[in-house]
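Visitor: There's a structure below that I have some questions on.
The following block contains the structure:
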C-alpha cells in the first residue's frame, strides 16, 4: 500500500512539476506578449522629395486599423507600435512606402511623387478622365513644378515647361501680360489667344481698360494645376472658343479630413536694368554735330554729360505677401487665402499693386452623393502707368543738355524752347524725366470671378451624375490722367485732366449629365457626357469730357459705349475603353453666337480620337524596361468668333454710328450730330480650324524616363479678316469678312527623367522642343495671283510705313523689305538695293520701287524649347529653367529710326541723339525698308534659377510644429543671342523702344503651421 502510494506520489509530483513548467511557460509568453503589445512610441517627419514637410499623410501599422496623420509640419506620433511591425505611409499623388520599425523609436520618411497616381485622373473639359483613357493632346502641370520667384501673372508659372506652348514674357512693365500661343496662331485678324477656364468658368480674354492682362487679376499662389488642351480632339468639347487651344486652371482647395493648416509666405525682390539701348555719348555727340551741323546747330550744344537712360530707370523693390488657411470642418473642406503684391517698375513712377483674396468651400451632403464646390476669387489692382514715351525720348534727347534748367518753369526740367515765343518747341523731343514726373496716370481695376458647382450622384443609379455650374466674371475699372498746366507735355492746352471707366458683366450657366460604367463582363468601360452651355457678355464704357488742368472743358464727352453678345451650345462626348487597351473618344458640339446672323450663327464642331495602350498587349508583357507605350490619334474641328479688337459685336447688321459732339453739321445757326452708315457683311460666319494629331506616349524603367512625341497639323479656313474693299462699294474702305486660309504643322518632343532618386538625393530633368511651320494658303475670295498681300507691321519713322506682309505661300508676319547691297568691305551702301522686279527675280527693270521688296524671314520662331531641372539633397534644393527660340527674326526699329545723320540735326531749333550704328553705316537718310535691320533673334535665356533650404520644424510645441523654408531666386539671369538690340524676344517681331525686362533677384520665406 505504502509502495503504491509512494509510486503515485512520485508520479503526481512529476505531473505537478510538468504543470508548473507549463504554467510558467504560458505566463512568460503572456508577459512577453503583453510587453510586445504595449510596444514603443514612434515619432518622425514625412517630407516631399524637395524637403518640404508633407501634412495629411496617413501613417498606418500594417495589418491593423491603427494609424494617424501627419501634422502641418509633417510630424507624427504613434504609440504602442509592436516591435518588428511595419508602417505604411500613403498620400494622394505619392508613392506609398512601407518601412520596418525594428527597434527604432524615430522613423523619418521621404515620399516621392507617384507618376502613375499623379497621372491617374486628369482635368478635361466638363469633368475628369483617367489618363490612360485620354486620346487627345493634353498636358498637365502641378504647383510643385511651377516656376518660382517673383511671378506676377499665372501664365509665367509654366513658361518653358510645356511643349507646343509658346509664352512670350511681358515687357518690364509691372503687371504686364505674356503672349500665349498654342501650336502657333490660328487666325490673322481675330484673336490668337487660348480660351482660359478658371475652376469651370470660361473667362473673357479681352483686357479690361486699365489692366494690361486679363490674367493679371488672378493670384498665381492660388493655382493648383495648369492643364492645356492642345489639339482639337481634346479641345473641341469647347467648340466655339477652342480654335487656339484651351487652358484649364484649377485653384487650390481643402480636402475632406484635412487638419487645420496655415501657410504664410513673404517674397522680397530687387529688379535691375540689364542693358541700355546703345546711343552716342555726350562727347561722341559733340563730335558728330561738330562734323555735320551748321553754326546754329553747333551753338545749341550744351556742356553737360547726361545719360538720359540713367535718369529714367531705377533699381526697383517689390514685395509679395500671401497667407492661406486650409482645413476641414466635419463635411466641409475649405481654403481661404489673401495676397498682397506691390511691384515697382524699373521705369520710374511705374507701379503695380494687387490685393487678392479667395475662398473655396467643398461641402458634401447625402452621404457624399451631393458635392458642392463654391469658388470665390476677388482682386483689386491699382496701376500707376509711366509714360513710356520717355523710353524713346531718352534715346533721342541731346546728351549735352542738363536734366534741370535751374528755372521754375516747366517743373524745373530743361526743355527745348521756341526762340520766338519762349514756349516749349512743339516739334522737339520732351525731357524724358519730365515726361515721367509730370504725368500721373492712375487706374483701379476690380474683378471678381466665382461659381457654385453642384455635382449630384444619383442614389438609384450611382454611375450617373448631374452637374450644374453657375458662374460669373465681373470687372470694373476707373482711371484718371493728370498733367499740370506748366508741364511741357501739354503746355499749349493748359495741361490735362481726364477720366475713363469701364464695366464687364459676364455670366455662365452650364449643365451636363455624366454616366460612367465599368462593364466587367465584356472588359469595357463607358464614359458618356451630354450638356448645355450659356454665356453672356456685357461691356459698358461711359464717356467723359477732356479737361484742362484747371478743370476747363477742352473736348466735350463723346458717345457712351455699350455692347452685348451671347453664346449658346449643346455638347456631348462618348468615351469607350476595351480591355484597358483600346479607347475611342467622340465629341460633338453645336454652337451659336449672336455676332452672326440667324442663317450663319450655328456651327457644328465634331472630333474623334483613338488610343492604343500597346504596353498592355501580351507581346510586350515581358518588356520589363518598358513601363508604358501608347499610340494616340485625333481629329477635330474647332471654331472662332472672337473679333479683332475695336470692332462691333454686330458686324452682320446694317447700322449707323452717332457722331461725337466735335463732329456736327451746321444748318443755319444750328449744329446737328450726324449718323454715319457702317459697312457690314450679312453672311459673316464661323472661322473654323481642322486639326489632326498623332502621338506616341512612352515611359521606361518604372517611369524614371517618360515623355511623348506629337505630330500635328492645323488648317484654318474662312478666316475672320479685315481687308480693303473698293471705295464706295460697302460704305467703308475696309471690312470684316471671311476670307483666307492658314496652316500650322509641326512636331513636339518631350522627355522627363528622374536619373537620381534615393533617400537623400533626387534629381528631375526635363526637356521639350517644338518645331512649328506656319503658312498662309489663301487670302482672297477669288484667285488673285498678282496680289502682293496685305501690308502689316507698322513702324516708327515716316508716316504709315510698314515692314511686314501677309502673303499666300509665306508665314504670317513675313518681313517685306529691300535686299541691301554691300561694298567689298561689308558696309551697306545707302539707297542701293537689289533690283528684283515684281515677281522677285534678281534681274529687274532698272528702278527701285515697292515691287522690288521681297519676303525675308518671319517674326515667328521655327523652333522653341525648354530645359528644366530640379535637384534635392536633404534639406537643400536647387533648380533652373532655360528657354529658347530658334529662327525668329526681329526688325530693329531703334536702329532704323535713330541710325541716320539726318536724325541728329534739323532746322527746327533742337538737336537729337541717335544710334551709334550710324558710325558703322554712314547713312545720311533713314533706310527704313532695308533688310539690314532685320536680324536673327534666336536666343537661349535662363529664365529662372532657384535655391531653397528647408529648416524643418522650428517649434517643438506638440501638434503645433512650425516649418520654415527659405528660398532665393534669380529671373532673367542671362540671354545668349546675336541680336544687337535690347532683347530678342519681341512679340510681333518689331523692336521699338520696348519697356526693358529687368533681372530680378528675390528672397523668400515660407512658414507652415
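Numbering (our numbering), first residue to last: 156 to 1164.
Beta carbons are placed, not taken as given, at the ideal position from N, Cα and C, and that holds for glycine.
What's the C-alpha gap between residue 672 and residue 765?
Guide: 19 Å
Visitor: Among the candidates 459, 1028, 277, whose CA atom is the shortest distance from the CA of residue 914?
Guide: 1028
Visitor: Would you call the stretch 614-629 and the stretch 658-667 touching, i.e. three or more CB-CB distances under 8 Å?
Guide: yes
Visitor: Per the DSSP calculation, residue 551 is bridged to which residue(s)?
Guide: Per DSSP, none; premise fails for residue 551.
Visitor: Please state whether DSSP places residue 983 in a helix, a strand or coil.
Guide: Here DSSP, grouped into helix, strand and coil, assigns residue 983 to strand.
Visitor: Whose C-beta lies closer than 6 Å to the C-beta of residue 1161 among residues of the same chain, with five residues either side of it excluded?
Guide: For residue 1161, where only same-chain residues beyond five positions count, the Cβ hits under 6 Å are 420, 1120.
Visitor: Kindly identify the DSSP beta-bridge partner or partners of residue 761.
Guide: 743
Visitor: State the Cα-Cα distance for the pair residue 490 and residue 534, rounded to the nearest angstrom.
Guide: In a straight line, the C-alpha of residue 490 is about 17 Å away from that of residue 534.
Visitor: Short of 8 Å in beta carbon distance, which residues of its chain neighbour residue 906, apart from the five on each side in sequence? Order them along the chain.
Guide: Setting aside the 5 residues that flank it on each side, residue 906 is surrounded in the same chain by 860, 861, 862, 921, 922, 923, each with a C-beta closer than 8 Å to its C-beta; the list follows chain order.
Visitor: Identify, in the order they occur along the chain, each residue of the same chain with its Cβ nearer than 6 Å to the Cβ of residue 582, setting aside the five sequence neighbours on each side.
Guide: 1063
Visitor: Would residue 1053 and residue 1089 qualify as a contact pair, given that the criterion is a beta-carbon distance under 8 Å?
Guide: no
Visitor: Using DSSP bridges, identify the partner residues of residue 691.
Guide: Answer by DSSP bridge pairing, in chain order: 662, 721.
Visitor: Using the three-state DSSP reduction, which class does residue 701 fall into: helix, strand or coil?
Guide: strand
Visitor: Grab me the residues of residue 270's own chain with a C-beta within less than 8 Å of its C-beta, minus the 5 sequence neighbours each way, in chain order.
Guide: Note that residue 270 scores 46 on pLDDT, short of 50, meaning its location in the model is unreliable; the coordinates nonetheless yield the value given after this. Only 854, 858, 861 meet the Cβ criterion.
Visitor: Please go through the stretch 465-530 and give each complete beta strand (DSSP E) segment of 3 or more residues, from N-terminal end onward.
Guide: If only uninterrupted beta strand (DSSP E) runs of at least 3 residues are considered, those enclosed by the stretch 465-530 are 471-484, 487-499, 506-516.
Visitor: Please state if the CB of residue 974 and the CB of residue 989 are separated by a distance shorter than 8 Å.
Guide: yes
Visitor: Return the CA-CA distance between residue 436 and residue 573, expressed in angstroms with no decimal places.
Guide: 26 Å
Visitor: Going by DSSP, name the residue or residues bridged to residue 708.
Guide: 702
Visitor: Please name the residue, chosen from 565, 532, 1067, that lies closest to residue 647 on a Cα-to-Cα basis.
Guide: 565
Visitor: Quick check on DSSP: helix, strand or coil for residue 1097?
Guide: DSSP places residue 1097 in strand when its eight states are reduced to three.
Visitor: Is the beta carbon of residue 1099 closer than 8 Å to that of residue 304?
Guide: yes
Visitor: Where does residue 734 land, buried or exposed, given buried means 16+ other C-beta within 10 angstroms?
Guide: Here residue 734 is exposed: its Cβ has fewer than 16 other Cβ atoms, across all protein chains shown, within 10 Å.
Visitor: Within the chosen definition, does the stretch 603-613 reach the stretch 522-530 through at least 3 CB pairs nearer than 8 Å?
Guide: With a cut-off of 8 Å, the stretch 522-530 and the stretch 603-613 count as touching, because enough Cβ pairs lie within range.
Visitor: Tell me where the beta strand (DSSP E) around residue 327 begins and ends.
Guide: Note, residue 327: premise wrong, no beta strand (DSSP E); not H, not E.
Visitor: Does residue 136 pass the burial test, meaning 16 or more other C-beta atoms within 10 Å, or should it be called exposed?
Guide: Residue 136 cannot be examined here, being either before or after the span of the chain that is shown, 156 to 1164.
Visitor: Do you know offhand how far residue 1057's Cα is from residue 950's?
Guide: 18 Å
Visitor: Can you tell me whether residue 1167 is helix, strand or coil according to DSSP?
Guide: Because the chain spans 156 through 1164 in this model, residue 1167 falls outside it and cannot be assessed.
Visitor: Could you tell me the alpha carbon to alpha carbon distance between residue 782 and residue 719, rounded to whole angstroms?
Guide: 52 Å
Visitor: Tell whether a beta-carbon distance below 8 Å holds between residue 342 and residue 1019.
Guide: no
Visitor: Using only the alpha-carbon positions, how far apart do residue 1025 and residue 1142 sit?
Guide: 29 Å
Visitor: Have a look at residue 866 and residue 344 and give me their C-alpha separation to the nearest angstrom.
Guide: Rounded to whole angstroms, residue 866 to residue 344 spans 26 Å at the Cα level.
Visitor: The beta strand (DSSP E) spanning residue 1134 covers which residue range?
Guide: No beta strand (DSSP E) holds residue 1134; DSSP gives it neither H nor E.
Visitor: If you follow the beta strand (DSSP E) that residue 634 is in, where does it begin and where does it stop?
Guide: 619-638
Visitor: Counting beta carbon pairs with one atom in the stretch 832-839 and one in the stretch 782-795, are three or more of them shorter than 8 Å?
Guide: Touching, no.
Visitor: Give the secondary structure of residue 936 by DSSP, where H, G and I count as helix, E and B as strand, and everything else as coil.
Guide: coil
Visitor: To the nearest angstrom, report how far apart residue 1138 and residue 723 are at their CA atoms.
Guide: Rounded to whole angstroms, residue 1138 and residue 723 show a C-alpha spacing of 43 Å.
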